[in-house]
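Numbering (mature numbering (1 follows the signal peptide of the UniProt record, and there is no 0)), first residue to last: -29 to -1, 1 to 578.
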């Protein structure tokens, strides 16, 4: 039977029960026997290894000795027996063995020694994520952790730094050699979860024959907690009001091994900044789970394929808050994990996850949010987060792990209209604005609640408050809010502003000019991202300000002068040529008028 085989090689590989690597090199191994020198700390020291130094941040540990090493035989034929510590450890070990599938005989004097009598087999390993092996070792360690009789036997241990390890290694020196249970006491820092219980043996190598040594334990093990990152990016960080920002949240399914199934929770969330002009776009939310480690994130399917599961709302997950009037949403994937990662037919209160295929798998959430207004220089931020139990023994102890906020930016452009001679502001002057690469015959209109949209171009003599017409206020100003460049394609955006109707008593020779907006984002895709815009009149070298009435356009404010008659227009360059053309047309018109009147008079005299 499988459970009989589970403990068969405790004698041959005593601390494989702790998830240790056996058969490793012996460079650091220490031969330990009954006459071991207590002053030799090397054979009482174990090393905890982490993949990230944050796995040790804010964690403290306690430990209890589970068994001593009893070396017997003489060189070159030494062997090992584990001797279980006295009660309450002995009773706890007996219960834990039963939980893992081995019933200790009533006649047995030592539970671990009895387990060693099973027919030969290799114990499962649990030294790599998700620290489960075939599940039996994990069950044994979890049962020891959950045994309240061991509480008073736990002793504080000190984590010692290891030189030149970049914080990825810590050591613990115990009082005596043997097999030890190490329990994480708290995970007060959001950067990592609480560790699963750790079973580890101090270093042990015995003489197994002439010129050979047998490594029973190397005294090293992985710290069994996790840092679960949650990252978020937006396709373009400059987005005009009225356009959609397209976001991707990227995280991983937590290591749920050792957790109770009942009450398990895993959620992915998103929250706008309090004043962010953003609203969720219905129908854009998609959730994906990778099936393979190398699943292509840039080629997500519409339906399931060999690399990705496309999750279904209400079937695999539930979502709350994803609506236009909401400032946050939460995706609850708990149902998906419970149905995919547990093989039992009945989920009882004490059931634990026994299928580790999902642990660590990549999760991608995609959605769009409409930008509805100006972001200001600080940008509009929204931040992702995940939540899952940080304590394998208690699903009610959950942490929300925040991700860095992702920002989008847009920029305002001010036009000031004034008298060319007196510099006095002119109110009531009407303008349109359009994208040079926009739809033919369309101009841009702005609604405070929804942003920019394209509308039919108004007539040249526009009056009133027609959609797409902007009128200077009493200060002679118009602010074109929340514009953006096309930074996602590393190009600028070119706009055309055209004067439709001048102020009362003024002359409009046909003022129109182009300006280009180019954004620069500093520290992109970080919480400290900032953005600035560069503006330029006729950046492409093609002159658009025919009359030379536009100035200051290489800043966020442009000034457009107005004249009362054509004599105030410039007389040089292209403007001069245009002026003479206008005067010529006026003279032709005047001559035609005089001629027409003369003919009319002559006809009257001949009657």
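Positions of the beta carbon are idealized from the N, C-alpha and C atoms, including for glycine.
### Message
By the DSSP assignment, the beta strand (DSSP E) with residue 306 in it spans what residues?
### Response
Element bounds for residue 306: not the beta strand (DSSP E) but the alpha helix (DSSP H), 305 to 311.
### Query
Looking only at C-alpha atoms, which of 403, 322 and 302 sits nearest to residue 228?
Minimum Cα distance to residue 228 is reached at 322.
### Message
By the three-class DSSP mapping on this structure, what secondary structure does residue 479 have?
### Response
In the structure shown, residue 479 sits in coil (DSSP, three-state: anything other than H, G, I, E or B).
### Task
Using 10 angstroms around the beta-carbon of residue 254, count the other beta-carbons present and answer buried if the total reaches 16, otherwise exposed.
Here residue 254 is exposed, its C-beta having fewer than 16 other C-beta atoms within 10 Å.
### Message
Quick check: residue 484 and residue 521, are their CB atoms within less than 9 angstroms of each other?
### Response
Taking 9 angstroms as the cut-off, the beta carbon of residue 484 is found closer than this to the beta carbon of residue 521.
### Query
Grouping DSSP H, G and I as helix and E and B as strand, with all else coil, what is residue 69?
In the three-state scheme derived from DSSP, where H, G and I count as helix and E and B as strand, residue 69 is classed as helix.
### Collapsed DSSP secondary structure at residue 86 in the structure displayed
Residue state, collapsed to three classes: helix.
### Message
Need the endpoints of the beta strand (DSSP E) that residue 579 sits in, please.
### Response
Nothing can be reported for residue 579, as the shown portion of the chain is limited to -29 through 578.
### Query
With burial defined as no fewer than 16 other Cβ atoms inside 10 Å of the residue's Cβ, what is the status of residue 273: buried or exposed?
So residue 273 counts as exposed.
### Query
So what does DSSP say about residue 64, is it helix, strand or coil?
DSSP places residue 64 in helix when its eight states are reduced to three.
### Task
Enumerate in chain order the residues of its own chain whose CB-to-CB distance from residue 75 is below 6 angstroms, with the five nearest sequence positions on each side excluded.
Result list for residue 75: 65, 68, 82 and 85, in chain order.
### Message
Checking 9 angstroms against the spacing of the C-beta atoms, do residue 25 and residue 198 come in under that value?
### Response
Cβ distance < 9 angstroms, so residue 25 and residue 198 count as in contact.
### Query
Roughly how many whole angstroms lie between the Cα atoms of residue 361 and residue 164?
Going by the C-alpha atoms only, they are around 5 angstroms apart.
### Query
Within the chosen definition, does the stretch 380 to 387 reach the stretch 277 to 296 through at least 3 CB pairs nearer than 8 angstroms?
The stretch 380 to 387, when compared against the stretch 277 to 296, does not touch it at the 8 angstroms Cβ threshold.
### Query
Would you call residue 169 buried or exposed, if buried means 16 or more other Cβ atoms sit within 10 Å of its Cβ?
A buried status is given to residue 169, since no fewer than 16 other beta-carbon atoms sit within 10 Å of its beta-carbon.
### Query
Unbroken beta strand (DSSP E) runs of length 3 or more, entirely within the stretch 403 to 448: which are they?
When DSSP assignments are scanned along the stretch 403 to 448, the uninterrupted stretches of beta strand (DSSP E) that are 3 or more residues long and fall wholly within it turn out to be 413 to 418 and 422 to 427.
### Task
State buried or exposed for residue 513, treating a residue as buried only when at least 16 other CB atoms are found within 10 Å of its CB.
Classification of residue 513: exposed, given that the 10 Å Cβ count is below 16.
### Query
Are there 16 or more other CB atoms within 10 angstroms of the CB of residue 537, so buried, or fewer, so exposed?
That one is exposed.
### Query
Quick one: what's got a C-beta closer than 6 angstroms to residue 244's C-beta in the same chain, skipping five residues either side?
Contacts found: 352.
### Query
Going by the beta-carbon positions, is the gap between residue 201 and residue 356 smaller than 9 angstroms?
Yes. Within cutoff.
### Query
Can you list, in chain order, the residues of its chain whose CB lies under 6 angstroms from that of residue 359, leaving out five sequence neighbours each side?
The residues are 225 and 237.
### Task
Verify whether the separation of the beta carbon atoms of residue 87 and residue 115 is less than 9 angstroms.
Cβ atoms of residue 87 and residue 115: not closer than 9 angstroms.
### Query
On the three-pair Cβ rule with 8 angstroms, is the stretch 385 to 399 touching the stretch 416 to 424?
Verdict: no, contact absent.
### Task
State the Cα-Cα distance for the pair residue 406 and residue 457, rounded to the nearest angstrom.
Computed Cα separation, rounded: 11 angstroms.
### Residue closest to residue 126, alpha-carbon to alpha-carbon, out of 33, 419, 452 and 299
With distances taken between Cα atoms, residue 126 lies closest to 33.
### Query
residue 526 to residue 478, Cα distance in whole Å?
Each residue's CA atom was taken as its position, placing residue 526 and residue 478 some 26 angstroms apart.
### Message
Taking its Cβ as the centre, do 16 or more other Cβ atoms sit within 10 Å of residue 408, making it buried, or is it exposed?
### Response
It counts as exposed.
### Query
Residues in its own chain within less than 6 angstroms of residue 287 by CB, not counting five upstream and five downstream?
By the criterion of a C-beta distance shorter than 6 angstroms, residue 287 is surrounded in its chain by 307, once the five residues flanking it on both sides are discounted.
#### Entry: CA nearest to the CA of residue 173, picked from 269, 271 and 150
Residue 173 has its Cα closest to that of 150, out of 269, 271 and 150.
### Query
Mapping DSSP to helix, strand and coil, what is residue 295?
In the structure shown, the three-state DSSP call for residue 295 is coil.
### Query
So who's on the other strand from residue 289, going by DSSP bridges?
Residue 289 is bridged to 303.
### Query
In chain order, what residues of the same chain have a beta carbon less than 6 angstroms from the beta carbon of residue 35, not counting five sequence neighbours either side?
121, 124, 125 and 152.
### Query
If you run the structure through DSSP and keep just helix, strand and coil, what is residue 51?
DSSP, read as helix, strand or coil, puts residue 51 in strand.
### Query
Once you ignore the five residues that flank residue 145 on each side, which residues in its own chain have a CB closer than 8 angstroms to its CB?
Closer than 8 angstroms at Cβ, skipping near neighbours: 15, 16, 17, 34, 36, 128, 151 and 173.
### Task
Work out the CA separation of residue 465 and residue 391 for me, nearest whole Å.
Rounded to whole angstroms, residue 391 to residue 465 spans 26 angstroms at the Cα level.
### Task
Tell me whether residue 329 is buried or exposed, calling it buried when 16 or more other Cβ atoms sit within 10 Å of its Cβ.
Under this definition residue 329 is a buried residue.
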